[in-house]
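Written below as structure tokens is the structure these notes are about.
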Amino acid sequence: MTIKTMLSPVLIATLALAGLLVFLNYPGFSEQENAASKGRPATPVAFFEVLRTDFPVIVEALGTARANEAVSLTPLQSDVIQELYFDDGDVVKKDQLLMRMNDREEQARLNELNINLQEAQRQLKRIVNLAKSSVASQQLLDEQQAKVKTLKAQIEVANAQLSELTLKAPFSGKLGIRMVSVGAYVTPDDVITTLDDLRKVKVDFNISESHLPSLSEGQQVKALSIAYPDDLFIGEIRSVNSRVDANTRSIQVRALIDNPELKLRPGMLMQINLEKQVLSSLVIPEKAVIPNEDKQFVFIIEDEKAVLKEVKVGLRRPGLVQILSGLEEGQKVVTEGALRLVNGSSVSLLEQVTL
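One gets the numbering used here by counting positions in the sequence shown from 1 and adding 1052 to each.
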């Protein structure tokens, strides 16, 4: 056997590995490592005491705002606009007069009928007095009474025709843009303006049929709008549709949301948060959870040591997670500084985090 064969790479590697094993198992090495570990300074961390509290289960959905009542105002007759009594965006009361059309002919006809009625009533009174003394016949009296009734009916018709030449607000609300001007000839197909009752807004949204058992009329909802990110709008469920959509397996829900400052407008996109139920659960800050593949871990503090522990996470809310198993109420979990820890690391407590 040659010297070259004896010093082959395989032989050299085998000898090196054997030497390493001897070195690692040399008496006193383990003690030296532990001593070095004990000499490391404690890692400062922030912690949170595991808390049992109410954990609401929130169902989120998107919907579009609609006015509680909405209408496009159009004239009942075709004619020329004589007067307009509103401007763009006015807030009006129910039955407030908004527009008057050319009604000179109808006014003249009504005046004529009123004069004829006054004369007919005067004649009726005279005939009644004559009939008491048997000077006037019963037939004449009946004819005059019929004439008075006919004139009264004609006056009612004339008043109705006259009212059709005006436009009044059918309910209180906020007007839209005025689409016409004085002197314009309009027909029943022309929109004068729009009227919306914005003191409350309706929001229709769809949620999965699985949530149907937890829905009820009067249930509170909370809504957010991208236009007012800092405002929370409160309302309640007004109705739940009687049918589930067979294509999407969802059900339509209508909520009525208070809008006292008239901030919300029809057509706005609304995020609806519906509180399905409230659970009594253990919760911790979301930042305390350390994901590893399909498992979740946290560092708990025991005897000033960080102990890595697997937990089972349930529902999540912004900044919070529900803990189903793995922790007990009152245990301390690391919320800041976990990246510098390993299982068994010494820790020093800096501050306690609260919700």
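Beta carbons are placed, not taken as given, at the ideal position from N, Cα and C, and that holds for glycine.
In this text the structure is predicted, and so the values were computed from the model without any measurement.
Let me check one thing: in DSSP terms, what residues is residue i bridge-paired to?
i, result
"Ile1259", "Ile1303"
"Met1231", "In the DSSP output, where bridge partners are listed per residue, Met1231 has none listed."
"Asn1344", "Lys1347"
"Asp1019", "Outside the displayed range of the chain (1053 to 1407) lies residue 1019, so it cannot be described from this structure."
"Thr1218", "Arg1152"
"Asp1106", "Ser1332"
"Lys1357", "Glu1354, Ser1398"
"Ser1291", "Arg1306"
"Pro1096", "Ser1400"
"Lys1364", "Ser1377"
"Phe1285", "Ala1275"
"Asn1325", "Glu1112, Lys1274"
"Glu1135", "Arg1152"
"Ala1117", "Val1255"
"Pro1337", "Leu1372"
"Val1144", "Gly1225"
"Lys1384", "Glu1101"
"Val1238", "Asp1131"
Shortest alpha-carbon distance to residue i belongs to which of the options?
i, options, result
"Arg1104", "Leu1331, Asn1181, Gln1170, Leu1169", "Leu1331"
"Leu1449", "Ile1336, Leu1321, Ile1133, Leu1393", "The displayed coordinates of the chain run from 1053 to 1407. Any statement about residue 1449 would go beyond what the structure contains."
"Gln1374", "Asn1293, Lys1184, Pro1108, Pro1093", "Pro1108"
"Gly1270", "Asn1258, Ile1289, Lys1254, Ser1277", "Ile1289"
"Leu1393", "Leu1379, Lys1364, Leu1360", "Leu1360"
"Asp1241", "Val1143, Leu1136, Pro1096, Asp1131", "Asp1131"
"Ile1259", "Gln1272, Pro1281, Asn1293", "Asn1293"
"His1263", "Glu1112, Phe1099, Leu1169", "Glu1112"
"Ile1229", "Arg1178, Asp1142, Val1180, Leu1182", "Asp1142"
Is the CB-CB distance between residue i and residue j below 9 angstroms?
i, j, result
"Leu1176", "Gln1159", "no"
"Ala1358", "Val1386", "yes"
"Ile1309", "Ala1117", "yes"
"Glu1362", "Gln1348", "yes"
"Val1296", "Leu1326", "no"
"Pro1222", "Val1123", "yes"
"Arg1161", "Ala1212", "no"
"Leu1401", "Ile1353", "yes"
"Leu1247", "Leu1227", "yes"
"Val1255", "Ala1307", "yes"
"Glu1356", "Ser1291", "no"
"Val1243", "Ala1119", "no"
"Phe1138", "Thr1245", "yes"
"Gly1389", "Val1097", "yes"
"Ile1207", "Leu1192", "no"
"Leu1334", "Leu1391", "no"
To the nearest angstrom, how far is the alpha carbon of residue i from that of residue j?
i, j, result
"Thr1300", "Ser1224", "38 angstroms"
"Gln1404", "Glu1261", "42 angstroms"
"Asp1283", "Lys1339", "26 angstroms"
"Arg1251", "Met1231", "24 angstroms"
"Arg1314", "Glu1216", "A quick correction: the sequence has Leu, not Arg, at residue 1314. Each residue's alpha carbon lies about 31 angstroms from the other."
"Met1320", "Leu1114", "10 angstroms"
"Asp1106", "Asp1140", "49 angstroms"
"Ala1279", "Glu1121", "22 angstroms"
"Met1322", "Ser1268", "20 angstroms"
"Asp1147", "Phe1257", "33 angstroms"
"Ala1088", "Glu1381", "Confidence at Ala1088 is low in this model, with a pLDDT of 38, below 50, so its placement is unreliable and no value can be given for it."
"Leu1203", "Ile1324", "59 angstroms"
"Gly1235", "Gln1134", "6 angstroms"
"Leu1149", "Asn1311", "25 angstroms"
"Val1238", "Ile1167", "32 angstroms"
"Val1102", "Ile1110", "22 angstroms"
"Glu1085", "Gly1396", "Its pLDDT being 38, under 50, Glu1085 is placed unreliably by the model, and the measurement read from it follows with that caveat. Going by the C-alpha atoms only, they are around 14 angstroms apart."
"Thr1095", "Leu1367", "31 angstroms"
"Phe1285", "Lys1274", "6 angstroms"
"Gln1272", "Gln1329", "11 angstroms"
"Leu1072", "Val1350", "With a pLDDT of 41 at Leu1072, under the threshold of 50, the modelled position of that residue is not reliable, and the figure given next carries that caveat. Cα to Cα, the separation comes out at about 36 angstroms."
"Leu1136", "Asp1194", "46 angstroms"
"Val1200", "Pro1318", "52 angstroms"
"Pro1343", "Leu1316", "41 angstroms"
"Ser1186", "Ala1205", "30 angstroms"
"Leu1407", "Asp1346", "27 angstroms"
"Leu1165", "Glu1171", "10 angstroms"
"Asp1249", "Gly1287", "16 angstroms"
"Lys1408", "Arg1174", "Beyond the ends of the chain as shown, which are 1053 and 1407, falls residue 1408; an answer cannot be given."
"Lys1184", "Leu1214", "40 angstroms"
"Phe1100", "Lys1145", "56 angstroms"
"Pro1281", "Val1365", "29 angstroms"
"Ser1233", "Leu1169", "37 angstroms"
"Asn1181", "Asn1163", "28 angstroms"
Does the beta carbon of residue i fall short of 8 angstroms from some heavy atom of the ligand GDP?
i, result
"Pro1240", "This structure lacks the ligand GDP; in fact it carries no ligand of any kind."
Do we get a CB-CB distance below 9 angstroms when we pair residue i with the residues of chain B?
i, result
"Gln1148", "Among the chains in the structure shown there is no chain B, since it carries only a single protein chain."
Open item on the list: Does the structure place the segment 1127 to 1134 close enough to the segment 1151 to 1171 that three or more beta carbon pairs sit under 8 angstroms?
Closed with: Below 8 angstroms, enough C-beta pairs join the segment 1151 to 1171 and the segment 1127 to 1134 to call them touching: three or more.
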